[in-house]
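Residue numbers (numbering that gives the first Met the number 0), protein chains in the order written: chain G, 0 to 288; chain F, 0 to 288. Worksheet: the structure to be examined is printed underneath.
2 protein chains.
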Amino acid sequence: MFKVPDHQVAGHVAGVGKLGPLVDDSGRFYKPLQDGKRGTEEVSFYESFTSNTKIPENIRKFFPIFYGTKIMKASTGTEHPHIVLQDLVSSRVSPSVMDIKIGSRTWAPEATEAYITKCLKKDRESTSVSVGYRLSGLRVFINDESGFYKPERDIMRKAGPDDVKLFLMKFVSSNPESEPDCSLAGSVYGGLNGILSQLLELKAWFEDQTMYHFYACSLLFMFEKGSALKGATTNAQVKLIDFAHVTEGKGVIDHNFLGGLCSLIKFISDIIPDKNHHENGQIEPQTAD
Amino acid sequence: MFKVPDHQVAGHVAGVGKLGPLVDDSGRFYKPLQDGKRGTEEVSFYESFTSNTKIPENIRKFFPIFYGTKIMKASTGTEHPHIVLQDLVSSRVSPSVMDIKIGSRTWAPEATEAYITKCLKKDRESTSVSVGYRLSGLRVFINDESGFYKPERDIMRKAGPDDVKLFLMKFVSSNPESEPDCSLAGSVYGGLNGILSQLLELKAWFEDQTMYHFYACSLLFMFEKGSALKGATTNAQVKLIDFAHVTEGKGVIDHNFLGGLCSLIKFISDIIPDKNHHENGQIEPQTAD
């Protein structure tokens, strides 16, 4: 009934003796509770968010549906508590997926000295400090024969600002293994229902909301190149995931997340060849300038 | 001919044997070049910015006019190089002034380890990390009899998020020494030419510009309560100052400055009692909720 998810791009992967997420065939995603405070704080966030009547409906759609927690046999074979969530990719065929950790700072002001030191090192070594976010995972569908392009974690980790720009272009290119042609930029990033439009919707909320600060949280981009090649829409979608380090906003906006989000919006805007055209979600080959 | 400026709210103050800025009676401000790289980098920034044809005219007005450098007798009595700038307050009568250092991080990624450690400590001890900016100076005109309200530097330094909110309210209150009434909020922060409107203009530029990153830079708010009390406008103005730590943007927006700016915009929006009214720049007593 439970299996290891096919399309995971970041985080721990379930394996023999290794704890990782599981999915079932009814569209649910089972995320093992992390050790100590992280696990309980992620559950607290989902509980708070789910019952929070101040979340606008257009914003709720960016978050996975939360179905509670469940103690169940983990991928390691032992009993372990899991967070039960909506499986974001179960209904998709060969989705291309990108995981982007947002914020130039992945630590909350209240974190311990040891944790801050550890995070700051990673933030400085990656593009978090310079660009305001870093890539945590990438998986781009090429075609049925070749399968997926999936750069090694180490390559992602060492990416500089220009590499990040290149990966964002590869994500919407017909052949991510060679020079990016950005042929899907108009239909995935652009358009009325495209990723840029969704990011702008999120941005408007982040300019105003002072309830939560989303440290070390990721934006997940997903789309289906397969359907696009068959003339259907790419069904591009943005979701927020990973809430183990969310803190209370205490009346202050999440300037750390918002700054990173604005930086990502700028990169993506620059990739869309002509923002006034290609708004129909169909493929029209484009070359980025 | 040269004298110590009356309205300085932050930074080194010129005195016997102490280097500090001077002004003359023709509206120029002489800022002693800081030691080492800082001084030369501030000059480099002014030179680059002044000759940069990509700066829109509506943005140029937020920066002091740069008149070059000049070796002259400093406040210490010895010869010292100075940056010659427009004196931002020379034409004003009893201006209220606030200096706000923008950004949750006051260090550039390229800074030395020792400098980063020093800045990070200050950023964490102040509201920079939590709120995205910190108050560096405040001076609020009360009336001709009482003069100015000017909290001690130490009080500013120890301010938490709620204190920052309170100082932003005191800045536009009839009596900053008691419970803030925010009677000037509509005419100073609000209105078509008010501070909020100017900040939104700056924000639009920061969402797009990738030329400069403004670390440890300040926004200066100025207005004249005296004129407002006599029925004239408050002449509220926003300026950017202190460019010793500006670095090249290298194609990335200044997400650190932008995040802090958005946080400030949110605080100020919340103080303006009803953003749809009081747009005429006149005083109408208001109580903040």
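Cβ coordinates follow ideal geometry from the N, Cα and C atoms, glycine included.
With respect to the C-alpha of Thr105 (chain G), the residue from G:Tyr214, G:Leu257 and G:Val139 having the closest C-alpha is G:Tyr214. Following the DSSP letters along the chain, one finds Met155 (chain F) in no beta strand (DSSP E) but inside the alpha helix (DSSP H) bounded by residues Arg152 to Arg156. When C-beta distances to chain G are compared with 9 Å, the residues of the stretch 103-116 of chain F below that value are Ser103, Arg104, Pro108 and Ile115, in chain order. Within the same chain, and ignoring the five residues on either side of Trp204 (chain F) in sequence, the residues whose Cβ sits closer than 6 Å to its Cβ are Ile58. For the pair Ser173 (chain G) and Gly67 (chain G), the Cα-to-Cα distance works out to about 39 Å. A distance of 8 Å or more separates the beta carbons of Leu32 (chain F) and Ile64 (chain F). For Ile252 (chain F), the chain G residues whose C-beta falls within less than 7 Å of its own C-beta are Cys261, Ser262 and Lys265, listed in chain order. Interface annotation, Lys249 (chain G): in contact with chain F, CB-CB separation under 8 Å. For a cut-off of 8 Å, the C-beta gap from Val171 (chain G) to Tyr188 (chain G) is around 6 Å, short enough to register as a contact.
Beta-carbon to beta-carbon, Tyr211 (chain G) and Val245 (chain G) are separated by about 5 Å, close enough to satisfy the 8 Å threshold. Under DSSP, Leu218 (chain F) shares a beta bridge with F:Ile99 and F:Leu239. For the options F:Pro175, F:Ala227 and F:Asn234, the alpha carbon positioned closest to that of Asn192 (chain F) is the one of F:Asn234. Within the same chain, Pro20, His81, Ile82 and Leu84 come within 7 Å of Lys30 (chain F) by CB-CB distance, once the 5 residues on both sides are set aside.
Comparing C-alpha distances from Phe1 (chain F) to each of F:Val15, F:Arg133, F:Lys121 and F:Lys72 shows the shortest one belongs to F:Lys72. Setting aside the 5 residues that flank it on each side, Asp241 (chain F) is surrounded in the same chain by Cys216 and Ser217, each with a C-beta closer than 6 Å to its C-beta; the list follows chain order. Close to chain G, meaning a Cβ-Cβ distance shorter than 8 Å, is no residue of the stretch 3-22 of chain F at all.
When C-alpha distances from Thr75 (chain G) are compared across G:Ser50, G:Lys17, G:Lys100 and G:Val88, the shortest belongs to G:Lys17.
In the assembly as shown, Val8 (chain G) is a buried residue. Its beta-carbon has 16 or more other beta-carbons within 10 Å.
G:Ile141 is the residue among G:Ser268, G:Ile141 and G:Asp207 whose C-alpha sits nearest the C-alpha of Phe222 (chain G).
If you look at Thr68 (chain G), you'll find it isn't in any alpha helix (DSSP H); it sits in the beta strand (DSSP E) that goes Phe65 to Lys72. Counting only unbroken stretches of 3 or more residues, the beta strand (DSSP E) elements lying wholly within the stretch 9-78 of chain G are 27-31 and 65-72, in sequence order. At least 8 Å separates the CB of Pro179 (chain F) from every CB of chain G.
Exclusion of the five residues before and after Ile267 (chain F) leaves Leu167, Tyr188, Ile194, Leu195 and Leu198 as the residues of its chain whose Cβ lies within less than 8 Å of its Cβ.
Residue range Ser127 to Val130 is occupied by the alpha helix (DSSP H) that includes Val128 (chain F).
Less than 8 Å separates the beta-carbon of Lys202 (chain F) from that of Leu260 (chain F). Taking one beta carbon from each stretch, the stretch 89-103 of chain F and the stretch 32-44 of chain F have fewer than 3 pairs nearer than 8 Å; the two do not touch. Here the alpha carbon of Ser262 (chain G) sits roughly 21 Å from the alpha carbon of Pro179 (chain G). Bridge pairing for Pro108 (chain G): absent [DSSP]. Chain G has a Cβ within less than 8 Å of the Cβ of Val130 (chain F). A Cβ-Cβ separation of about 7 Å places Leu87 (chain F) in contact with Leu219 (chain F) under the 8 Å criterion.
CA-to-CA, the gap between Glu109 (chain F) and Val130 (chain G) works out to about 13 Å. Asn51 (chain F) sits exposed, since fewer than 16 C-beta atoms from the chains shown fall within 10 Å of its C-beta.
Contact check for Pro94 (chain F) and Thr126 (chain F): beta-carbon distance about 24 Å, past the 8 Å limit, so the pair fails to qualify. By the Cβ neighbour-count rule, Asp98 (chain G) is buried, with 16 or more other Cβ atoms within 10 Å of its own.
Per DSSP, the continuous beta strand (DSSP E) segment holding Glu247 (chain G) begins and ends at Val245 to Glu247. Listed along the chain, the chain G residues whose CB falls inside 7 Å of the CB of Asp162 (chain F) amount to none; the nearest CB is some 13 Å away.
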